[in-house]
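**Student:**
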Amino acid sequence: MKIPQGLSKGQFDKLSQSVVSKAKELGLGDDVFVQGSRANGTAKATSDIDIAIRVPPEKFDDFLNNQSKLGNVNPGSAKARTRDHAIETGKIQAGEAGLSPLRKQLEKELGMEVDLSVIKAGGKFDNGSQLPMNK
Amino acid sequence: MEEDLYCKIYIDSSCSKSELLDHISNMVQGKVSLRTIESKTMEIDVMDNDDYDKDKASQGDGFVYYPYYLEIDAVEGVNSTTYIEAISNMLKGLQNFCAKAIASCDFEDKLSVKAI
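First to last, the protein sequences are chains A and B. Using the numbering used here, read the first sequence as starting at 851 and increasing by one per residue. Using the numbering used here, read the second sequence as starting at 19 and increasing by one per residue.
1) For the beta strand (DSSP E) that B/Glu-126 lies in, which residues bound it at each end?
2) A/Asp-934 lies in the beta strand (DSSP E); which residues open and close that run?
3) Cutting at 7 Å between CB atoms, please list the residues of its own chain near B/Glu-89, excluding the five before and the five after it.
4) Do B/Tyr-84 and B/Ala-92 have their beta-carbon atoms positioned less than 9 Å apart in this structure?
5) If you measure beta-carbon to beta-carbon, which residues of the region 112-134 of chain B are closer than 9 Å to chain A?
6) B/Asp-71 and A/His-935: beta carbons closer than 9 Å?
7) Report yes if the CB atom of A/Ala-944 is closer than 9 Å to the CB atom of A/Ser-967, and no otherwise.
8) Hey, A/Glu-875 and A/Lys-919: beta-carbon distance below 9 Å or not?
9) Can the beta-carbon of A/Gly-978 be found closer than 9 Å to that of A/Gly-886?
10) Roughly how many whole angstroms lie between the Cα atoms of B/Ile-55 and B/Asp-40?
11) Hey, does A/Lys-909 have any beta-carbon neighbour from chain B nearer than 9 Å?
12) Closest by CA to B/Phe-115, which one among B/Tyr-101, B/Ser-31, B/Val-46?
13) Answer with buried or exposed for A/Ala-895, where buried requires no fewer than 16 other C-beta atoms within 10 angstroms of its C-beta.
14) Just verifying my parser: in three-state terms, what is the DSSP assignment at A/Ile-853?
15) Cα separation between A/Asn-984 and A/Ala-893?
16) May I ask which residues mark the beginning and end of the alpha helix (DSSP H) holding B/Asp-40?
17) Quick check on A/Thr-986 - is its C-beta less than 9 Å from some C-beta in chain B?
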């Protein structure tokens, strides 16, 4: 099993357990992985760790509309633009996904910056090296 | 329904993230831990925007491409009026710091400082 750069097996196991458990709790399934520099081995000491919860397009739309903080927006507002951008990029960031508490908990545990998001399968961010988390 | 006090503020500034962290923590008299600032009213995370695009950021509603954004949540038990006022003050402080700042939240129309 491959481990993200800079993490021990124990850290990766614990990280996997926390994120997969939360993804399941939110009905997002268990397709969770690390991507970016920590996955492809090019991270610097200060690099963050990028974690993605990948969902099918129909689930992405359902989550965006019914569970995320972007479900209800006023037309013309900055929040509406944020929602449009999430749809364009196929990525809902931690804050809008309600995942900030988990992201902050992981940052404390790992001592590094953590980016956590829900991404659409086949979308702009579904690319590059991906290290699946333990299920 | 309970008001959602989560707020994202997009920031366009040429300063570094650590300078931004210093400035914001001084503004809100907060304590810094990694990229999180905790004040009496709010918890603020200073984030690099993975979608940063200098060219797109300068177009019309291109603020979603600014280099930084803040994720802000109210501290438990804080009064919503006090919190919204604190967000307004922070927007004003950011704008005085030569930064463009745009708030994206449910209470955009309640902010006394208009985004620039």
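Using N, Cα and C, we set each Cβ at its ideal position, and we do this for glycine too.
**Tutor:** In short:
1) Run containing B/Glu-126: none; DSSP gives neither H nor E here.
2) Looking at the DSSP string, A/Asp-934 is not in any beta strand (DSSP E); the run it does join, the alpha helix (DSSP H), is 928-939.
3) Lys-26, Asp-63, Met-65
4) no
5) Ile-120, Ala-121, Ser-122, Cys-123, Asp-124, Glu-126, Asp-127, Ala-133
6) no
7) yes
8) no
9) yes
10) 9 Å
11) no
12) B/Ser-31
13) exposed
14) coil
15) 21 Å
16) 35-46
17) The structure shown does not extend to residue 986 of chain A, since chain A spans only 851 to 985, so no value can be given for it.
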